[in-house]
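Residue numbers (the UniProt record's numbering): 1 to 289. Report on the structure given below.
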């Protein structure tokens, strides 16, 4: 395990440096196929699809670290297209790569994202995932900070031949930011950004009852309350609100970091998965809060 971690870390460090040296806004670093779920590949590689991709599911996160909630969000989305295999993209934004990211460097997060990709495929193979099929899981990076820019970068990259709809997975807190005009310089700027975004993409939002966001009914009613505030009615047809499922409800990266920093790691595997847990322990991540 230690030798493979070292090899994988070297691969992602090299790949990340090459990406940062380029002018590309988006790049796939590696691809995992279903039959590789239980393998630990020493030479990761990107594999462009040989067939058109009618649907791409994109899980964009800081993955600091990846958690069981990330896994379940991706798996639950595969049930929305049972007639055709889903291709899943785990996407990490590295636009602040000139600064030292904390608490885990980007290359370490990419190693854990590769482990998450295998976890997704393994759970799907075991029948514990969604009802649809998964063609492959890609691990990619981008310099674009916003969903509408990321969607355009993915489509224009040419990596996904014949790309149809994209579905971005998000939490309710992310939805609030996406639909806030102040991030676009006002309502006009928001329309100019989100009209083309919703033309080629959907949002699948996992609700988070409790805390600052209220209950399920309040979150479901959020879109209706936006009418007249720059929100276009037609956008609502491209936004799907779903409830979290499985034992990962309430799991978050910040919660995992807090527990590790407090030395409360007895249930770590159930929160992040076996391979991510082993990586956290081997690299001694998150011990300092």
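Note that the Cβ used here is the ideal one computed from N, Cα and C, for glycine as well.
Check your understanding: What span of residues does the beta strand (DSSP E) with residue 16 cover, start to end?
Key -> It is not in any beta strand (DSSP E) - residue 16 instead sits in the alpha helix (DSSP H) that spans 2-21.
Practice item. Return the residue from the list 262, 218, 169, 5 that minimises the CA-CA distance to residue 239. Key: 169
Check your understanding: With burial defined as no fewer than 16 other Cβ atoms inside 10 Å of the residue's Cβ, what is the status of residue 219: buried or exposed?
Key -> buried
Check your understanding: When the distance is taken between beta carbons, is residue 60 closer than 8 Å to residue 93?
Key -> Going by C-beta atoms, residue 93 is nearer than 8 Å to residue 60.
Practice item. Take residue 158 as the anchor and find which of 29, 194, 281, 48 has the nearest alpha-carbon. Key: 48
Practice item. May I ask you to report which of helix, strand or coil DSSP gives residue 26? Key: strand
Point to revise | Unbroken alpha helix (DSSP H) run spanning residue 50, endpoints | key: Premise fails: residue 50 is in no alpha helix (DSSP H) and is neither H nor E.
Point to revise | Option nearest residue 29 by Cα separation, candidates 106, 241, 55 | key: 106
Point to revise | Nearest-angstrom beta carbon gap, residue 11 and residue 44 [assumed within contact, 8 Å] | key: 6 Å
Review point. Where residue 191 and residue 256 are concerned, what is the direct C-alpha to C-alpha distance, given to the nearest angstrom?
Key: 36 Å
Point to revise | For residue 182, three-class secondary structure by DSSP | key: helix
Check your understanding: residue 208 and residue 171 look like a contact to me (Cβ under 8 Å); what is the Cβ gap, rounded to whole Å?
Key -> 6 Å
Review point. On the premise that residue 173 lies in contact with residue 235, defined as a C-beta separation below 8 Å, what is that separation, rounded to the nearest angstrom?
Key: Not really, about 18 Å apart at Cβ, beyond 8 Å.
Exercise for review: Return the CA-CA distance between residue 281 and residue 68, expressed in angstroms with no decimal places.
Suggested key: 17 Å
Review point. Can you name the start and end residues of the beta strand (DSSP E) that residue 260 belongs to?
Key: In the DSSP assignment, residue 260 falls outside any beta strand (DSSP E) and lies within the alpha helix (DSSP H) extending over 253-261.
Practice item. Please determine, among 286, 233, 275, the residue with the shortest C-alpha to C-alpha distance to residue 264. Key: Among 286, 233, 275, the Cα nearest to that of residue 264 belongs to 286.
Review point. The beta strand (DSSP E) spanning residue 342 covers which residue range?
Key: Nothing in the structure corresponds to residue 342, since the chain is present only between 1 and 289.
**Study point:** Cut-off 8 Å between Cβ atoms - residues of its own chain near residue 216, not counting five sequence neighbours on either side
**Key:** Non-local C-beta neighbours of residue 216 in its own chain, meaning closer than 8 Å and more than five positions away in sequence, comprise 207, 209, 243, ordered along the chain.
Review point. Among residues of its own chain, excluding the 5 on either side of residue 223, which ones have a beta-carbon nearer than 6 Å to its beta-carbon?
Key: 236
Exercise for review: Just the C-alpha distance for residue 119 and residue 270, rounded to the nearest angstrom, thanks.
Suggested key: If I take the Cα positions, the gap works out to 12 Å.
Point to revise | Rounded straight-line distance, which links the Cα of residue 115 to that of residue 275 | key: 6 Å
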